[in-house]
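As C-alpha cells, the structure follows; a few thoughts come after it.
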Amino acid sequence: MSDPERSLPLLRRLCYAVGHFLNDLCASMWFTYLLVFYHSVLGFRNTNAGVLLLIGQIADAICTPLIGYESDRTPGCGNYGKRKTWHLVGTASVILSFAFIFNECLGCSPLTPQWASVLYFAPFIIIFQFGWAATQISHLSLIPELVTCEHAKVELTAYRYAFTVIANITVYGVAYLLFHLQAGQDDDNDILGPVDIPIFRNLSLIVLGVGTLFSIIFHVGTSERSIRAAREEEEEEEVEGVRRPLLPRSDTPSVLLQWKCWLRQPSFYQVALLYMSTRLIVNLSQTYISMYLINTLMLPKKFIATIPLVMYVSSFMSSFIMKPISKLIGKCLTYFAGLLLIMAFSYWVLLDSRMGERVYGAAVLLGAGSATILVISLAMTADLIANQTQSGAFVYGAMSFTDKLANGVAVMVIQAVHPCHTAKCCPACVWFYHYVMVIVTGGVAVVAAVTLCSILIWPIKIRTRALPASTDNEASVN
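The opening position of the sequence shown corresponds to residue 5 in the numbering used here, with each subsequent residue numbered one higher.
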C-alpha cells in the first residue's frame, strides 16, 4: 500500500492490538471488582472503598497528561522508540504493584484501623495507575503513527478493543471457574466475605502472568520508527524533491500543533466531552453492575462473573462489525446507534425492578452499546489528531485526564450518598443500586447525545483561526 494510505499487515495489527492486553486485564478487575473486594470482602466502609478508587483515578488523571507531554518530547531509550520505551516502563510498574491491590493488608490484624489499611494500599494503587497511564497513552499514540488511512485507524482501534473484550472475557471466565471450584467445596457459602480473599488474589496473579506474556509479544512484533530514522527519511525525501503527505490530503499542513495550540481548538473540547461521557457510561456501569446484581437483584455471587462475561461476549461480537457500519453510515450515526442500545438497557432496568435472570438479555444490550460508543469515540480522537502525531500523546492524555477525574469524582459522590454505613447491604441499598445503574447509563447517555449533536453541527476539524499560521488541512468526521 502506498505511503499516503499507510496500513499494516494482519500479523502486525495483531501484535499491536495485544499491547494493551495487560492493562485491559487489570482494568477489568479494577473497575468490576475493586469496590466489591474492599467493601464486601475486606469489610471496608463505603466511603473508604470509594476513597481508594478515587485515589487511583486522581493519580491516573494527573499522570496521564504529564506522561502524554513527556512521551511527545522525549526521544526514548536509544533506537527503541519513545512510545515503546514508555510502554515498557508502564508495564513494569503494573507488574510490580497490581498483585498487592487485590490481597489482604500484609502485617495488618483485625484490630488495625481502616485508615491505616487505606494508607497501606494507596502507594500500590498510585504506582499501578502511573504504570497503567504510561502503557495506555504510549499504546494509543502509536495508532496515528502506524497507520494513516482513516478507516485503517478505525480498524486498528477495533482490533485493539476486540482484545480489550477478550481480556474482560478472560477475567470473568477465570473468576467464574474460581467461584465454581469454591462452590464445589462449600455449597452453603453463597455470600461474598473474607473467605473469598484467595479467589481475588489468585485471579490477580493469573492476570499478571497472562498479561506479561502478551506484552512481550507486543514489544517483539511491533516496530516503531525512531526519531533518527524518521529524520533520515525526511532528508532523503527533501533531496529527491518529493514531500509525501502523511494523510491523503491535497496539502501538507504548514503548522505543527503543540499542546498549547490544542487548547485553542473547539473540537478538542468536543471530543474530550464525548470521550469523558463514553468512559463514564462504560466504567461506571462496569463498576456498579456487581453491586446491582448481588444487592438489588439478590442473585448468587457467581453472577458477578457470568453477567460481565455475557456483556463482553456481546461487545466482542459487535466490535467486528464496527468498521463496515461506520464506513456505511459514518462515525456519528454509528455512535448514535450505540447510544440507543445503552438507553434501551437503562429503560429496561428502570421498568423491570424484579429482572432476575432476564438480566442476561439486558447485559447483551449494554455490552454491544458500550463497545460501539467506545470504539467510535477513540476513532474520533484519532481523527482529531490526524497527522499531528508529534503531539498525539498529549491529546490522548488530556482525553484520559477528563475520563479518570470524572470517574473518580462520580464514584466518590455515589459512595458518599450511599444510604448504608455498614459492610452489609441494608434494605435502602436495594433501590439505591437500581437507580445508580439507570443514571450512569441512561442519564450520561443523554449528555453524550447532546455532545454528539454539537459535533454534527460543528464537525471535528482544526480551526485555522486558532493557529499561529494558516493551514488548509481540515480533517472532518463523517
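Cβ coordinates follow ideal geometry from the N, Cα and C atoms, glycine included.
Only a predicted model underlies this, so the values are computations on that prediction, with no experimental measurement involved.
Whose C-beta lies closer than 6 Å to the C-beta of residue i among residues of the same chain, with five residues either side of it excluded?
i	result
Pro69	Gly401, Ala402 and Phe405
Cys81	Thr89
Tyr176	Ala309, Pro312 and Leu313
Tyr20	Thr226
Glu244	Its pLDDT being 47, under 50, Glu244 is placed unreliably by the model, and the measurement read from it follows with that caveat. The answer is none, since no qualifying residue turns up.
Gly196	Before going on, a small fix: residue 196 reads as Leu here, not Gly. The residues are Ser44, Val45 and Lys305.
Val158	Lys327, Ser330 and Ala383
Ala137	Asp64, Cys67, Thr68 and Ile71
Ser254	Because the pLDDT at Ser254 is just 40, under 50, the model does not fix this residue reliably, and the value given afterwards should be weighed accordingly. Taken in chain order, the list of residues that qualify is empty.
Arg4	Shown here, the chain extends from 5 to 482; a query on residue 4 therefore has no answer.
Thr338	Ile329, Ser330 and Ile380
Asn172	Ser32 and Tyr316
If you follow the alpha helix (DSSP H) that residue i is part of, which residue opens it and which one closes it?
i	result
Arg205	Ile201 to Gly225
Asp28	Phe25 to Leu39
Thr95	Lys86 to Ile105
Asp76	Asn50 to Arg77
Ser145	Gln118 to Ser145
Leu484	Outside the displayed range of the chain (5 to 482) lies residue 484, so it cannot be described from this structure.
Leu370	Val363 to Ile389
Ile311	Phe307 to Ser323
Val434	Ala432 to Val442
Met326	Met326 to Ile333
Are there 16 or more other CB atoms within 10 angstroms of the CB of residue i, so buried, or fewer, so exposed?
i	result
Ser323	buried
His184	exposed
Gly373	buried
Asn83	exposed
Cys336	buried
Glu361	exposed
His24	buried
Pro148	buried
Ser142	buried
Ile346	buried
Ala156	buried
Leu15	exposed
Val317	buried
Ser319	buried
Thr116	exposed
Leu355	exposed
For residue i, name the three-state secondary structure that DSSP assigns.
i	result
Lys465	coil
Ser271	helix
Pro252	Reliability fails at Pro252, whose pLDDT of 43 lies under 50, so the model's placement of it is uncertain and the value that follows must be treated cautiously. Looking at Pro252 - three-state DSSP - the assignment turns out to be coil, as it is neither helix nor strand.
Ser350	helix
Ile195	coil
Glu237	Interpretation of Glu237 is limited by its pLDDT of 49, a score under 50 that renders its predicted location unreliable; no figure is taken from the coordinates.
Leu185	helix
Asn83	coil
Glu149	helix
Glu108	coil
Gly446	helix
Glu159	helix
Cys4	Here the chain comprises residues numbered 5 to 482, so residue 4 is not present and cannot be evaluated.
Arg358	coil
Met280	helix
Ser44	helix
Leu301	coil
Ser113	coil
If I measure Cβ to Cβ from residue i and keep anything under 7 Å in the same chain, skipping five residues before and after, which residues do I get?
i	result
Ile210	Val178
Lys4	Residue coverage of the chain in this structure runs from 5 to 482, which leaves residue 4 outside it and unanswerable.
Ile464	Ser271, Gln274, Val275, Met384, Asp387, Leu388, Ser480 and Val481
Leu182	Ile203, Asn206 and Leu207
Thr300	Val434, Tyr437 and His438
If we cut at 8 Å on Cβ distances, does residue i have a partner in chain D?
i	result
Pro312	Protein chain content of the structure displayed is limited to a single chain, and chain D is not contained in it.
Kindly list the residues whose CB is nearer than 8 Å to the CB of residue i, restricted to its own chain and excluding five residues on each side of it in sequence; keep chain order.
i	result
Phe35	Asn287, Gln290 and Thr291
Asn107	Ile201, Phe204, Arg205 and Ser208
Decide if the region 213-223 is in contact with the region 88-102; the criterion is three or more beta carbon pairs, one per stretch, under 8 Å apart.
yes
Touch test, the region 411-422 against the region 51-69, Cβ-Cβ under 8 Å, three pairs minimum
yes
Any chance the region 294-304 sits against the region 375-390, with 3 or more Cβ pairs inside 8 Å?
no
Counting Cβ pairs closer than 8 Å, one from the region 320-334 and one from the region 445-464, do we hit at least three?
Cβ pair count under 8 Å is below three, so no.
Within 8 Å, do at least three Cβ pairs link the region 114-131 to the region 95-102?
Verdict: yes, contact present.
Sufficient close CB pairs (3 or more, under 8 Å) joining the region 269-278 to the region 364-372:
No: fewer than three Cβ pairs fall under 8 Å.
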